[in-house]
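Since the structure comes first, as structure tokens, the remarks are kept for the end.
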Amino acid sequence: MTRLNPIRPPLVVGIGGTTRDGSSTERALRIALNGAESAGARTHLFGGAFLHSLPHYAPESASLTEAQRELIEAVREADAVIIATPGYHGGVSGLVKNALDTLEALRADARPYLDGRAVGCIVTAYGWQATGSVLGSLRSIVHALRGWPTPLGVGINTLETRFETENTCSDPKAAEQLATVGNQAATFALTFGAGRSTAPVSRTALAEQESAAPRPSRAAKVLSLAS
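Residue numbers for the sequence shown follow this note's numbering, so the first one is 2 and each next one is one higher.
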């Protein structure tokens, strides 16, 4: 497993879970985040209880709750993200999708949405039918948010695989795959520009900086061309 040694360890943010405490989805996400930590990354988990506290995303509303701000600022700082969702009737859960819709607040950033970030994708479902289709759907959402899905995405059939505690999985192969997703997210974070010493600057701030910068006079331009 790759071990990172950056000046500033990359931050991997986990988003996922259900309304049920100790859900298989959230426990699968925790194992993936453990894999990211083993690779040397910092992690921050937004589990089911937190996601349930988020209000419905309303594009016409300019005000944000403290929970919405916390999620937005964490993802803004993140170098990579891991998303875990249950497969509900062939699609991503509303709980997880609402959290992703909340990231619309990042649209004007220098790195809008999930741009420049590796994104791990995990799906749990009670049977194999939903795992593949929902995993493909989740990857499409990541692409729409300008993220880079990690090469490995994991589908877990909870009819066969159990998560008895926060950090245990009845299927060693599934646990290994989840840890690999975390490792890839952390490792690729460096490739996509992790370890930045400065905070992201919004497009508005960049425009203001450019307009405030002194511009060379016509004479200076002529001298520059003649030299």
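All residues carry an ideal CB built from backbone N, CA and C; glycine is no exception. Please read these numbers as outputs of a predicted model, since none were measured by experiment.
DSSP-derived helix/strand/coil call for residue i
{"i": "G154", "result": "coil"}
{"i": "G88", "result": "strand"}
{"i": "F47", "result": "strand"}
{"i": "A187", "result": "helix"}
{"i": "A81", "result": "strand"}
{"i": "L115", "result": "coil"}
{"i": "L160", "result": "coil"}
{"i": "L72", "result": "helix"}
{"i": "G148", "result": "coil"}
{"i": "L65", "result": "coil"}
{"i": "G15", "result": "strand"}
Distance between residue j and residue i (C-alpha atoms, nearest Å)
{"i": "H57", "j": "V124", "result": "22 Å"}
{"i": "A206", "j": "P173", "result": "Per-residue confidence for A206 stands at a pLDDT of 45, beneath the threshold of 50, marking its modelled position as unreliable; the derived number appears in the next sentence. Taking the straight line from one Cα to the other gives about 48 Å."}
{"i": "Q130", "j": "G91", "result": "8 Å"}
{"i": "W149", "j": "V120", "result": "6 Å"}
{"i": "T169", "j": "A29", "result": "9 Å"}
{"i": "L179", "j": "R31", "result": "9 Å"}
{"i": "A68", "j": "F47", "result": "10 Å"}
{"i": "L139", "j": "A126", "result": "14 Å"}
{"i": "P10", "j": "G183", "result": "14 Å"}
{"i": "L128", "j": "V143", "result": "Note that residue 128 is Gly in the sequence shown, not Leu. Their backbone Cα atoms lie some 24 Å apart in a straight line."}
{"i": "F189", "j": "A81", "result": "8 Å"}
{"i": "A33", "j": "S64", "result": "33 Å"}
{"i": "R118", "j": "L12", "result": "10 Å"}
{"i": "R77", "j": "L107", "result": "7 Å"}
Status (buried if at least 16 other CB within 10 Å, exposed otherwise) for residue i
{"i": "P60", "result": "exposed"}
{"i": "Q185", "result": "buried"}
{"i": "S24", "result": "buried"}
{"i": "E27", "result": "buried"}
{"i": "A40", "result": "buried"}
{"i": "L191", "result": "buried"}
{"i": "S62", "result": "exposed"}
{"i": "D22", "result": "exposed"}
{"i": "T229", "result": "For the chain, the structure presents residues 2 to 228; residue 229 sits outside this window and is missing."}
{"i": "G154", "result": "buried"}
{"i": "P87", "result": "buried"}
Limits of the unbroken beta strand (DSSP E) element including residue i
{"i": "T125", "result": "119-126"}
{"i": "L107", "result": "Per DSSP, L107 belongs to no beta strand (DSSP E) and is neither H nor E."}
First through last residue of the alpha helix (DSSP H) which encompasses residue i
{"i": "G137", "result": "129-145"}
{"i": "G36", "result": "25-39"}
Beta-carbon separation (whole angstroms), residue i vs residue j, contact threshold 8 Å
{"i": "I84", "j": "V97", "result": "7 Å"}
{"i": "T132", "j": "N158", "result": "6 Å"}
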